[in-house]
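Structure first, commentary second.
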Amino acid sequence: MAKAENAELVFVPLGGVGEIGMNFALYGYGPTDAREWIVVDVGVTFPDTAHPGVDLILPDTRFIEENLDNLRGIVITHAHEDHYGALLDIWPRLKAPVWMTPFTAGLLEAKRQGEQGAPKVPAMIYRAGEKFTIGPFEIEAIPVAHSIPEPMSLAITTPAGTVIHTGDWKIDPEPTIGPKTDEARFRAYGDKGVLALVCDSTNALREGESPSEVAVGEGLKGVIQSAKGRVAVTTFSSNVGRIVSIARAARDAGRQCLVLGRSLKRVIDVAGELGYMDGLPEFIAEEDYGFIPRENLVIICTGSQGEPLAALAKLSRDEMKSVSLTAGDTVVFSSRTIPGNEKAILEIKNRLIDLGMKIVEDGDALVHVSGHPRRSELRKMYEWVRPQIGVPVHGEAAHLVAQGSLMSMSGIGQVAQVRDGDMLRLYPGAATIVDQVPFGRVYKDGRLIGTDQAMGIRDRRKLSFAGHVAVNVVLDDKYELAGDPDLVAIGVAEADASGETLEDLMLDAAIGAVDSIPRQRRKDLDLVQEAVRRAVRGAANEAWGKKPLVTVFVTR
735 MAKAENAELV FVPLGGVGEI GMNFALYGYG PTDAREWIVV DVGVTFPDTA HPGVDLILPD
795 TRFIEENLDN LRGIVITHAH EDHYGALLDI WPRLKAPVWM TPFTAGLLEA KRQGEQGAPK
855 VPAMIYRAGE KFTIGPFEIE AIPVAHSIPE PMSLAITTPA GTVIHTGDWK IDPEPTIGPK
915 TDEARFRAYG DKGVLALVCD STNALREGES PSEVAVGEGL KGVIQSAKGR VAVTTFSSNV
975 GRIVSIARAA RDAGRQCLVL GRSLKRVIDV AGELGYMDGL PEFIAEEDYG FIPRENLVII
1035 CTGSQGEPLA ALAKLSRDEM KSVSLTAGDT VVFSSRTIPG NEKAILEIKN RLIDLGMKIV
1095 EDGDALVHVS GHPRRSELRK MYEWVRPQIG VPVHGEAAHL VAQGSLMSMS GIGQVAQVRD
1155 GDMLRLYPGA ATIVDQVPFG RVYKDGRLIG TDQAMGIRDR RKLSFAGHVA VNVVLDDKYE
1215 LAGDPDLVAI GVAEADASGE TLEDLMLDAA IGAVDSIPRQ RRKDLDLVQE AVRRAVRGAA
1275 NEAWGKKPLV TVFVTR
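Written as structure tokens, this is what we have:
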């Protein structure tokens, strides 16, 4: 490939850099006014209590939407939600060709069939070791170990040089499914020369190397064999390797497996079609639960992050129709806690403990291992690839800075610290942030997608904090009050410290506000409306210490 005149190679993250989740990366090549672009990954993150009612949080893609004529394609590295979960919602805005692996395509189609009105995304299938071209970008898929089938690193080659985009990876000498991380291909690219390494930072604060998935399988086997009653194991539904490890451990302990949770069943169906579940005993059906002795059963279930409608939460509340847990059973959390989910998980654990369950988590036995590289694994990647530029991604600020320091100490000449919205020029010259582009978050809320203001999320937060008061003021033809205003308060304290009802206090304030306005000025209904709103909020604040949202209607 010949270099275009005045061509630059830039990297622009719109999500996943400065946060964990919502990965969305752009690579652009060409002159400043005519760059051609590809997207790598289209991920989501999940709402917390600060986003009442929100279903999913998506990256703000305004920047690339303004450059659609030059968007050449989208590449998905693997099928974790934080890397592909926004595709069905964002693709209609981009409508670019999409490349993904067979497992990712199978999961996407299964998800599409479960979402009313979801678009059919045309997918070009790629496999480990294959090369394909998208505009000026020549891409090779390099297989790596991770906690899901078919995760890929991407070697992205342009006339300006090669960038290794690692995606999620680790070094596992004994993965349960799939190939090992392909050291030979990384070394081969290192020998040819790599311009930049854009690298996963999730475990950059942890020394050593991650244990193997096979070791986790042995840990699970030990827990299951020593358990007296049923064993329920909860894990991420996309972690097919872990599901296989649990099923094998159950088989070796002489137990049968039951699967609970729609997302788990969807993943298992797709993995089974692709051969990843071969050699395992068949899972039993829910209706057969009552016929299996307690000591002969393992339940694999959703709910590792405390999701209130997932199978484990329902079991903890004894809400399942056919399946229940009883005192003496064991519940294993074969997962890590995603920040923000601690309270919900603790609530489920406490309910299970109250029911007499034994809880086993990572601190008690080797029942979970991360799918991301620790510091010794990162050093090996640097040694294989030997990049001119190191770019830490996929992490919060602490992770990015930790990997940046490790890159510098490991001899990488240039280390670029970037955050979402930064445009990093990788070529020509030294790695430099040359621009800032629009970025942020948009929210999937029911059937709609929009900003927090457009979706009313800011007001929902206020409502959840201090409630809402509606006031209806009617003026007669002389602009006097035609009776007391109607006032309805929702989510507001009933009475102040002395026992006087807040509704009465706010009603008196509304009447006083109208009376305080000279009659001639009451012709300005907007003025009356704002005076009443302020008076009601002020009365609530004086009595309660909080200011509810107040809506005032004034009619004549």
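Using the numbering used here, the first residue of the sequence shown is number 735, and each one after it goes up by one. Just so you know, even glycine gets a beta-carbon here, dropped at the ideal spot from N, CA and C.
In the three-state scheme derived from DSSP, where H, G and I count as helix and E and B as strand, residue 1103 is classed as coil. Assignment of beta-bridge partners to residue 887 by DSSP yields 876. Residue 973 counts as buried, since at least 16 other C-beta atoms from the protein chains shown sit within 10 angstroms of its C-beta. Rounded to whole angstroms, the Cβ separation of residue 1160 and residue 745 is 6 Å, and the two are in contact under 8 Å. Residue range 790–793 is occupied by the beta strand (DSSP E) that includes residue 793. C-alpha of residue 988 to C-alpha of residue 1015: approximately 11 Å in a straight line. For the 7 Å CB-CB criterion, residue 1282 and residue 1207 do not form a contact.
Bounds of any alpha helix (DSSP H) do not take in residue 761; it lies within the beta strand (DSSP E) bounded by 758–764.
Residue state for residue 1059 is assigned as coil, using DSSP reduced to three classes.
If you keep only unbroken alpha helix (DSSP H) runs of at least 4 residues inside the region 807–848, you get 815–818, 821–828 and 836–847.
Rounded to the nearest whole angstrom, the CA to CA distance from residue 992 to residue 1136 is 42 Å. Excluding its 5 nearest sequence neighbours in each direction, residue 757 has C-beta neighbours in its own chain below 7 Å: 749, 750, 775, 777, 816, 817 and 1128, listed in chain order.
About 34 Å separates the CB atoms of residue 857 and residue 1122; that is not less than 8 Å, and the two are not in contact.
Within the region 999–1068, the beta strand (DSSP E) runs of at least 3 residues that lie entirely inside it are, in chain order, 1031–1035 and 1064–1067. Assignment of beta-bridge partners to residue 1183 by DSSP yields 1178. Counting only unbroken stretches of 3 or more residues, the beta strand (DSSP E) elements lying wholly within the region 1196–1257 are 1202–1208 and 1220–1224, in sequence order. Take the alpha-carbon of residue 1180 and the one of residue 1120: they are about 47 Å apart.
Here DSSP, grouped into helix, strand and coil, assigns residue 930 to strand. Residue 1263: member of the alpha helix (DSSP H) spanning 1259–1278, first to last residue.
A distance below 7 Å separates the beta carbons of residue 1069 and residue 970. Each of 1125, 919 and 908 was checked against the Cα of residue 944, and the nearest Cα belongs to 908. Of the residues assessed, residue 1084 falls on the exposed side of the cut-off, its CB having fewer than 16 other CB atoms within 10 angstroms.
Distance from residue 979 to residue 951 at the Cβ level is roughly 4 Å; contact confirmed, criterion being Cβ atoms closer than 8 Å. Per DSSP, the beta-bridge partners of residue 899 are 888 and 932. Within the region 942–1007, the alpha helix (DSSP H) runs of at least 4 residues that lie entirely inside it are, in chain order, 947–960, 974–986 and 996–1007. Between residue 876 and residue 886 a beta carbon distance of about 6 Å is seen, short of the 8 Å cut, so the two are scored as contacting.
Collapsing the DSSP output to three states places residue 1079 in a helix.
One thing to note: residue 794 has its Cβ no nearer than 7 Å to the Cβ of residue 1246.
Short of 6 Å from the beta carbon of residue 806, and not among the five residues preceding or following it, lie these beta carbons of its own chain, in chain order: 770, 772, 868 and 869. Annotated as proximal: residue 1236 and residue 1227, with beta-carbon spacing under 7 Å.
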